[in-house]
Structures are given as structure tokens and as C-alpha cells.
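Protein chains in written order, with the working numbering: chain Y, 4 to 400; chain X, 446 to 725.
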């Protein structure tokens, strides 16, 4: 027992320091069985919603998770919230493994991890008044004291009129409902709030208000967020660190500015180029991804991104060819400096983006539709019709 | 609604009303109300709804019949709703093997020919005063109630289960789980309040069904004992001589129709009143 511990988090119950993340997820795998049969159900395959995901969430910081629909980001969030059980992998909370805790053992932990859901219309029980909804966590955890006063304080904090605690959810607008959801999440004074696309169901004008509210609460209370979104602009606004997901895996992890200024994974490059800039008349050159996202029931071998990867074709020098390594070996997240991690055999280097654009433009000109090809080379992609085999990375989100 | 209150009042104060009229439910007026051929006489100023084949006052018997009909309707529905809602919640929310077993049981009961089985049970249990199953089931009103409830709870079960299957996928159920609520709390606090509308509506449809069911059984001579007046038995008796005594079937028939209609309308009204989204 004199052997010194190598890492601080290897000792259970070690004092929580700034280095120990609030949440440490390692090797999370989630497979959903595809069943057939009515009485005797048998699995005929699996949907690989998560294929080995690692991430850390630090106290007081926001981890943004971006990716297309179906990439597993919500599954990851639900596993951290323990609404789903991971098939494999572990989740540690403040250094303590919580993966195998039963529902009863989880009850004290529920106080520290709360969830804000995507759809404020579906996540509030239409038969309960706002007061009942916000007081529910207090009731479940047996918090004593004047619950009504507490509820009204919470309502005031999230910018709702405390007099309205007797009203029902349908009497509120979408933005107000999401504030109710936030008040409910705050009721137990958690350390981490998992925001599963909290603004994607809201009007753009309301989104900013809710995001600012979340930001204010983070500063006041030192909250950590796990912020799931498909909206790159939103994620950039709120996150300290960002994980980009594709088909059940994290393909790139980086601090916010590093990710946007210097993306290293080809998928991240395509995602960022697909985001609208908001500048009038900006000549956007978009990196279009060919084909659809493969089915998570039958993910491609090797790097899951290789069938659509523009960089792979740049490396091979032939638009139809993909380097063998990409087809056979699955890349793991590798540090490329300053905490920037990327899961790619051939990370993007300076100048790659332009070369990929050129290949793309020449390919389209070669493949047919001359009108579109011309438009692409001129970089005016916005209003052009697209052939079916070309899917804008932006519209797929 | 008013009509239902009226029915309840009539049922409670049946003896008072009968004494006001001055005729007992089983009192025979075969001298005044039967003609020379032994056929009953129609409505007149003393016997508003006429007399039946034995010379008994139809109005007074209908007043007493209200008691039977309401008791059967409400009790049978209460049992069926209680059983159907509880099992439907459990099956829908827990799913898996519990759901499979309960659903199969419900389907088996639904696939039985109700009337045939009811007749069988009533005949078996109603043959002697001791009843069947070593006296556990005795003939009479309660037997009708239990049979009716037994055959109707699967309807409520299936409706509740179906709605629960939808509701449990809603995010507010996840939200309740995320704050640490247990399955019992979720079933009763989160899901049950959302079931009130369908439960009320279907219960309001089950009450008249139970009333009708009692009428069927009584019509077949299998319901309540002969001396207890019930609407179904009165219609049955009247059907034998409807060509000479139209009033025997008409008045109990009308009151049965109105009762069924009133409960259905009540169900509609309650559903609207209980929905927080309709401010009326």
C-alpha cells in the first residue's frame, strides 16, 4: 500500500480538485437491439447509437456537443442523465463510478445532475400547474420548507412572473415554457445541467434570451452544462469546449476557438463551412459532403466517415479512391496539441480546405449538370438546386 | 345532468314516491286494471303508465326499477374502471412480460361471447339460493354487477394501456425520471392525471352498457329476482303482449333510452370541464 498512485483520479474518494472533472465518461457504448417477432422477440441486429465515446465535463464549464441528427449526441446526454443505461463504458461523477447504481442509489445524485429538455411543449406535464411542475423535484427529494416561496423565487430568477404559479403550461409561450423547464432543473441547485437541444424548438428571437439566461445562471451559480445542439452558432456562443460527433463517435474535441479557427477533422470543416455566416453577400464556399449518413445499424468499417470524406480523396489523389487505412482501421482520438484531439488518420492541414473545394468543383463539372458545376466554381451555392447525390452538410443537420 | 340527478333522487326516494301514488311495486290491482279477458288496461288518471299483465302499476315499478338500474350501472362501472385503469397503467408503463400477460388475459375475456357466458354463469350460480363455488357467488344484483364488471374491464384496460404507451414516451415522463421520481409516482402523479379525459368518457359509455346488460339479463329472466322490478324485466314481460298493451314496453324503453343518453352527455360534459385547456 506504499505504492504511490499514478493519477489523482485513480484513487476512489480522492479529494476533488480542479483537475478531476465533474463527469468523466469513458468508452460509452450504446446499442439498441432491432427486434423482430411478436411474442418471441429476437434481435436481428443492433443500432450502434454510441460506439465508444469519451468526454469530460468540468465544474462551471460548458461542454458543447454538436453533430447531425442521429449521431448519438442525445443518447450520450441521456446516459449522463442516467435516463438510459450504457451497454458498455463507465461514467464517473466527481471521481465516483455511477454506472451501476440502482435507481434508489441514484436519488441523491439526481440532485446534482438535472436536465433541460428539447421540446418545452412535451417536457411539461399539461395536467400540472407551473407551481406543481417546479415543486416536483423538491417534493421527490423531500425538501422541507416553504415550497411555494421557493417556487416563486425560482420563477423570478428565470424571468417569469411569480404570480403565475397557478397557471398551466398551455397558457405560456414556448420561451416561457422553456424557462419553466429551467426553473425545474434549478430547483435542487444542481452542479450540472444537461441541456438537450434546449433552444432548437424556439424562435430565433427567443433563443438568444434563453441562452443569455443560461449564461447568467452559469456565472451566478457556477453551473456546468453539457450542451447538446446541432446549431454551430449556438454552440459557439455557449461552449468552453466542444465535441463534434459523427455516427456515434466523437471525431474532434477542442476548445471553442481552436475548433472554429483551426478545425482538424474533415467532418468539422464541412460542418463549419455549412453554417450560415450572416454576412450579406458573402461568397460562401461550401464543402459539400457526398451521400447520406450511413445507417447506424450497419456502420462502415474503418473510419465511419470514409465513404463521405473529402480529405481521404485528396490524400489518395483519386476522387474514387479512399486510402486503405481509412477503410480498414478505425482512427482513435489523438492529441494534436493544446488539448485538441482528433480522430482522423490524415487531419486537415493548412491549405487542405481549398484543395478539397477544388476537387469538389472539378468533380461536379465532370459529373454532369454543367450549370451547377459553373455555379459551384463561382462559389454561389446558395440558391442552386442540387442533384440528389449531393447533400449539403448544412441541410442534413 | 339534471336528468341524472332526477334519476338518483327518484331511486333514493322510491318508497316515498310510491306511497304518494298510493300503489306498492308488487301490489296487484287485478280487479280494477285488468279487463274481462284478463288483459291489462292502459294509462289513465290513476295509473299514469297503465298496468302490467298482473295488474301492477307500471309507473311505480319503473320508479323502483331505477334503483336496480343505477346500482348495477354505477357499481359495475366502478369495478370495471378500477380494475381496468390499475392494470392498464401497470401494463402500459412497465411493459414487458407484465404487459404481455395482462394483454392476453384481456383479449381472452374480450373474445368470449359475453351474453352466452353470462347466461351460463347465471344459470349455474342462480339455480339455487346457495349459489355456486361453495356459496361464494350468490344469485342476485351483485352477481349481475360482477359479471358485467368482469366482461367490461378489458375495454377500459385496453384504452388506458394504449394512452399510457403514448404518454410514457413523452418528455415530461423523462423529466420526472430525471428528477428522481419512482415508477409509482410517475404512474399516479404524471400519467394518471392525463388519463382523466379518456377514463371519464369511456366510463360514461360503460354505465349505460351496464344498465343495458342488466336489462338483457333481466329480459332473459336471469337478472334480479322476479319480485324486484327492473326495467329490463319489465320490457321482457311487456314483449309478450306488446300488441295489446303497448305501454308495457314503451315507458320502460323510453326511460332506458333517456338514461343511456344522459350518461353519454354527462361524459362529454365532464371531459370538457376537466380539460385545463378549455376555459368554459
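The beta carbon of each residue, even a glycine, is placed where N, CA and C say it ideally should be. Every value quoted in this text rests on a predicted model; they were computed, and no experiment measured them.
So if DSSP puts residue 471 (chain X) in a beta bridge, which residue, or which two residues, is it bridged to? For residue 471 (chain X), which the question treats as bridged, DSSP gives no partner whatsoever.
Let me know the secondary structure DSSP gives residue 90 (chain Y) once reduced to three states. Reduced to three states, the DSSP call for residue 90 (chain Y) is coil.
Residue nearest to residue 711 (chain X) in terms of C-alpha spacing, selected from X:698, X:691, X:647: Comparing Cα positions, the closest option is X:647.
Okay, do the region 687-707 of chain X and the region 493-502 of chain X touch, 3+ Cβ pairs below 8 Å being the bar? They touch, by the three-pair rule.
Beta carbon of residue 343 (chain Y), beta carbon of residue 261 (chain Y): below 8 Å? Taking the C-beta atoms as reference points, residue 261 (chain Y) is found nearer than 8 Å to residue 343 (chain Y).
Identify each residue in the region 460-489 of chain X for which the Cβ-Cβ distance to at least one residue of chain Y is less than 9 Å, and report them in chain order. Listed by position, the residues of the region 460-489 of chain X near chain Y (Cβ gap below 9 Å) amount to none.
My output table needs one value for residue 117 (chain Y): the three-state DSSP class, helix, strand or coil. Residue 117 (chain Y) falls in the strand class under three-state DSSP.
By Cβ distance, which residues of its chain are closer than 6 Å to residue 705 (chain X), with the 5 residues on each side in sequence left out? Only 653 meet the Cβ criterion.
Minimum C-alpha distance to residue 1 (chain Y) - residue among Y:230, Y:300, Y:339: Only positions 4 to 400 of chain Y appear in this structure, which leaves residue 1 (chain Y) out of reach.
Just to confirm, are residue 563 (chain X) and residue 606 (chain X) a CB contact at a threshold of 8 Å? The answer is no: Cβ separation not under 8 Å.
Quick one: does residue 130 (chain Y) have its CB under 8 Å from some CB of chain X? It does; some Cβ of chain X falls within 8 Å.
Fully enclosed by the region 222-250 of chain Y, which alpha helix (DSSP H) runs are 4 residues long or longer? Counting whole runs of 4 or more residues, the region 222-250 of chain Y contains the alpha helix (DSSP H) stretches 235-241.
Identify, in the order they occur along the chain, each residue of the same chain with its Cβ nearer than 8 Å to the Cβ of residue 463 (chain X), setting aside the five sequence neighbours on each side. So the qualifying residues of the chain are 469, 470, 505, 508, 509.
For residue 23 (chain Y), would you say it is in contact with chain X, using Cβ-to-Cβ distances shorter than 8 Å as the test? No, no contact with chain X.
So with Cβ pairs under 8 Å, would you call residue 28 (chain Y) a contact of chain X? Output row for residue 28 (chain Y): interface = no.
If we ignore side chains and look at the alpha-carbon of each, how far apart do residue 644 (chain X) and residue 636 (chain X) end up? Cα-Cα distance, rounded: 12 Å.
What residues in its chain sit with their C-beta under 7 Å from that of residue 5 (chain Y), if we drop five residues either side in the sequence? In this prediction, residue 5 (chain Y) scores a pLDDT of 42, lower than 50, which makes its location untrustworthy; no coordinate-derived value is stated.
Rounded Cβ spacing between residue 249 (chain Y) and residue 70 (chain Y) (contact assumed at less than 8 Å): Yes, they are in contact, since the Cβ atoms of residue 249 (chain Y) and residue 70 (chain Y) sit about 6 Å apart, within 8 Å.
If you measure between the beta carbons of residue 362 (chain Y) and residue 317 (chain Y), is that distance less than 8 Å? Cβ atoms of residue 362 (chain Y) and residue 317 (chain Y): closer than 8 Å.
Within the continuous alpha helix (DSSP H) that includes residue 664 (chain X), where are the two ends? 641-664 is the extent of the alpha helix (DSSP H) around residue 664 (chain X).
Could you give the DSSP three-state label for residue 166 (chain Y): helix, strand or coil? Note: residue 166 (chain Y) maps to helix in three-state DSSP.
Which residue or residues does DSSP assign as beta-bridge partners of residue 344 (chain Y)? BP columns for residue 344 (chain Y) point to Y:256, Y:338.
Here's a check: name, in chain order, each residue in its chain whose Cβ is nearer than 8 Å to the Cβ of residue 153 (chain Y), leaving out the five neighbours to either side. Within its own chain, the residues whose Cβ lies closer than 8 Å to the Cβ of residue 153 (chain Y), once the five positions on either side in sequence are excluded, are 138, 141, 146, 190, listed in chain order.
Three or more C-beta pairs closer than 8 Å, one from the region 613-624 of chain X and one from the region 545-563 of chain X: is that the case here? At 8 Å Cβ cutoff, the stretches do not touch.
Report back the beta-carbon spacing between residue 708 (chain X) and residue 449 (chain X) to the nearest angstrom; my notes put them in contact at under 8 Å. The Cβ separation is near 7 Å, so the contact holds.
Apart from the five residues just before and just after residue 58 (chain Y), which ones in its own chain have a Cβ nearer than 6 Å to its Cβ? 28, 246, listed in sequence order.
With residue 716 (chain X) as the anchor, note down where its alpha helix (DSSP H) starts and where it stops. Where residue 716 (chain X) is concerned, the enclosing alpha helix (DSSP H) stretches over 692-719.
By DSSP, does residue 379 (chain Y) sit in helix, in strand, or in coil? Below a pLDDT of 50, predicted positions are generally treated as unreliable, and residue 379 (chain Y), at 41, falls in that range; no measurement from the model is reported.
Quick check on the burial criterion: 16 or more other C-beta atoms within 10 angstroms. Buried or exposed for residue 454 (chain X)? Taking a 10 Å sphere around the C-beta of residue 454 (chain X), we find fewer than 16 other C-beta atoms and assign the residue as exposed.
So which residues on chain Y does residue 718 (chain X) lean against when the C-beta distance must stay under 7 Å? Neighbours of residue 718 (chain X) across chain Y, judged by C-beta separation under 7 Å, do not exist; the nearest C-beta is about 14 Å away.
Anticipated Cβ contact below 8 Å, residue 290 (chain Y) with residue 272 (chain Y), distance rounded: 6 Å between Cβ atoms; contact.
Between the region 97-111 of chain Y and chain X, which residues of the former have a C-beta closer than 9 Å to a C-beta of the latter? Residues 106, 107, 109, 110, 111.
When the Cα atoms are used, what is the spatial distance from residue 55 (chain Y) to residue 254 (chain Y)? Their Cα atoms are separated by approximately 11 Å.
For residue 62 (chain Y) versus residue 227 (chain Y), is the C-beta distance shorter than 8 Å? It is a contact, given that the beta carbons lie within the stated cut-off.
With 8 Å as the threshold, decide whether the Cβ of residue 552 (chain X) is near any Cβ in chain Y. Residue 552 (chain X) does not count as touching chain Y.
Nearer than 7 Å: is that true of the beta carbon of residue 95 (chain Y) relative to any heavy atom of the ligand SAM? Ligands are entirely absent from the displayed structure, and the ligand SAM is therefore not among its contents.
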